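Respectively, the protein sequence lines represent chains F and C.
Heads up: the first sequence is residues 73 to 219, going by the numbering used here.
Heads up: the second sequence is residues 73 to 219, going by the numbering used here.
For glycine and all other residues, C-beta sits at the position ideal for the given N, C-alpha and C.
Note that the coordinates shown come from a computational prediction; the quantities given were computed from them, not determined experimentally.
2 protein chains.
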Amino acid sequence: MLKISELAAQTGLSAHTIRFYEKHGLISASERSEAGYRYYSDADIRRAEFVKTARNIGFSLDDIGQLLSIRLDKDSHSCQEVTDITQHKLDEVNGKIAELKIMQQTLQRLLDSCGGGPEDATHCSIIEALEEGDVASTVSARNGGHS
Amino acid sequence: MLKISELAAQTGLSAHTIRFYEKHGLISASERSEAGYRYYSDADIRRAEFVKTARNIGFSLDDIGQLLSIRLDKDSHSCQEVTDITQHKLDEVNGKIAELKIMQQTLQRLLDSCGGGPEDATHCSIIEALEEGDVASTVSARNGGHS
DNA sequence: TATAAGCTTAGAGTTGGCTCTAAGGTCAAT
DNA sequence: ATTGACCTTAGAGCCAACTCTAAGCTTATA
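1. What are the residues of the region 138-155 of chain F that lie near chain C, defined by any Cβ-Cβ distance shorter than 9 angstroms?
2. Short of 6 angstroms in beta carbon distance, which residues of its chain neighbour H149 of chain C, apart from the five on each side in sequence? Order them along the chain.
3. Are R118 of chain C and Y111 of chain C close, meaning C-beta to C-beta below 8 angstroms?
4. Mind checking T194 of chain F: buried by the 16 CB within 10 Å criterion, or exposed?
5. Pull up the CB-CB distance for L202 of chain F and F122 of chain C, whole angstroms please, since I reckon it's below 8 angstroms.
6. So G189 of chain F contacts chain C; which residues on that side make the cut at Cβ distance below 7 angstroms?
7. Would you say F92 of chain F reaches chain C, if we count a Cβ-Cβ gap shorter than 8 angstroms as a contact?
8. Am I right that I198 of chain F and T155 of chain C are in contact with their C-beta atoms under 8 angstroms? What's the rounded C-beta distance?
9. Note down the Cα distance separating G187 of chain C from C151 of chain F, rounded to an integer number of angstroms.
10. Please state if the CB of L172 of chain F and the CB of I220 of chain C are separated by a distance shorter than 8 angstroms.
11. Based on the DSSP secondary-structure assignment, which residues constitute the bridge partners of R110 of chain F?
12. Hey, is T89 of chain F's beta-carbon within less than 8 angstroms of any beta-carbon in chain C?
13. Using a Cβ-Cβ cutoff of less than 8 angstroms, which residues in the same chain neighbour G137 of chain F once the five nearest sequence positions on both sides are dropped?
14. Please report the straight-line C-alpha distance between K75 of chain C and A208 of chain F, rounded to a whole angstrom.
15. Would you say L74 of chain C lies against chain F (beta-carbon separation less than 8 angstroms)?
16. Applying a beta-carbon distance threshold of less than 7 angstroms, which residues of chain C neighbour T125 of chain F?
17. At 4 residues or longer, what runs of the alpha helix (DSSP H) sit wholly inside the region 118-157 of chain F?
18. Do A101 of chain F and L114 of chain F come within 8 angstroms of each other at the CB atom, strictly closer than that value?
19. Let me check understanding here. Comparing Cα to Cα, which of F:K161, F:K146, F:L144 and F:E191 lies closest to D134 of chain F?
20. Is it the case that the Cβ atoms of G167 of chain C and K124 of chain C are separated by a distance below 8 angstroms?
21. Going along chain F, which residues have a C-beta under 7 angstroms from T83 of chain C?
22. Do we get a CB-CB distance below 8 angstroms when we pair G130 of chain C with the residues of chain F?
23. CA-CA distance, E94 of chain C and A81 of chain C?
24. Cβ of D147 of chain F within 8 angstroms of Cβ of D184 of chain C?
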């Protein structure tokens, strides 16, 4: 049985974050001392590490919630539910990469067009491009936003 | 002279967003009617379009503030200041792309390992990988976070 | 026994960029 | 003169995932 700070040390999550995850149903302490101190069992620890791993990969807390409930009752969930969550996340990641690549290209093009020397910005081609608005490929962004 | 809704129509920004940008010093109306209505001159419109263009590329509002002050007084700013801002943004974008590519690879590897069929999740290799924690390449993320 | 480290809670604050609301004033058209 | 569309403001709310604070209790060590 670990205390919260010990679980924090093991998982690399902060005690604050562990409590935060508990509030969101991701992690819980299967026991409490009389004084209310959280005590984490081996199963709790494994769950916390699952959460940490999933978080590292980039799953949202919401995704992780779903993955955890599948993990808790594997028999009544299909493999496909898991791949759906994963595929959905992959799509999201691919979408973001695509957006960022457009930004990358635009920024690189701007930099290529401009020496960046110590001369004043009167004829700076970057400023000019921004003024002309001719920076081409605007981010298509189905979600409208820049992360 | 355009009213705010007209500027909104021209730029594709909402009137709310234009006021928000004004509050943050990016856009302003060089005139106001007696009743306080904003009226935008040609110069104001060009400035608003500059902001919109820079925003589309992915510059933060803070970056745009800097770019605008360079634009306002080109003589006393060097070209290099502009490339510095641009390069910094490019570095940031490249960093995010690198993070996302790691996620992408991990997610793809997970998907490849799992058929995703209708069978139950008892032996789901994705869940197993998350339980083992052996998902390899954790995002290095200098900033610690996923966008 | 006293002190410090560690635990508890509810709830507020952070980030960035909006987005919206409420309550009211203005203006153009009928 | 009245309707309805538009404008004004300050300020609240939203998103995700933390991060921190305050005030108070507990536990381990000296």
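Taking the geometry as given:
1. L139, I142, R143, D145, K146, D147, S148, H149, S150, C151, Q152, E153, V154 and T155
2. Excluding positions up to five away in sequence, the list reads I142.
3. no
4. exposed
5. Taking the Cβ atoms as the reference, L202 of chain F lies roughly 5 angstroms from F122 of chain C, within the contact range of under 8 angstroms.
6. The CB of G189 of chain F comes closer than 7 angstroms to the CB of C151 and Q152 in chain C, given here in chain order.
7. no
8. Contact holds; Cβ gap of about 7 angstroms.
9. 8 angstroms
10. Any property of residue 220 of chain C remains undetermined from this structure, which presents chain C solely from 73 to 219.
11. F:R104
12. no
13. Excluding positions up to five away in sequence, the list reads H96, G97 and L98.
14. Whole-angstrom Cα-Cα distance: 28 angstroms.
15. no
16. For the C-beta of T125 of chain F, the chain C residues within less than 7 angstroms are, from N- to C-terminus, L202, G205 and V207.
17. 133-144
18. The residue you asked about is not Leu; residue 114 of chain F is Asp in the sequence shown. The answer is no: Cβ separation not under 8 angstroms.
19. F:K161
20. no
21. Going along chain F, no residue has its Cβ under 7 angstroms from T83 of chain C, so there is no contact; the nearest lies around 10 angstroms.
22. yes
23. 17 angstroms
24. no
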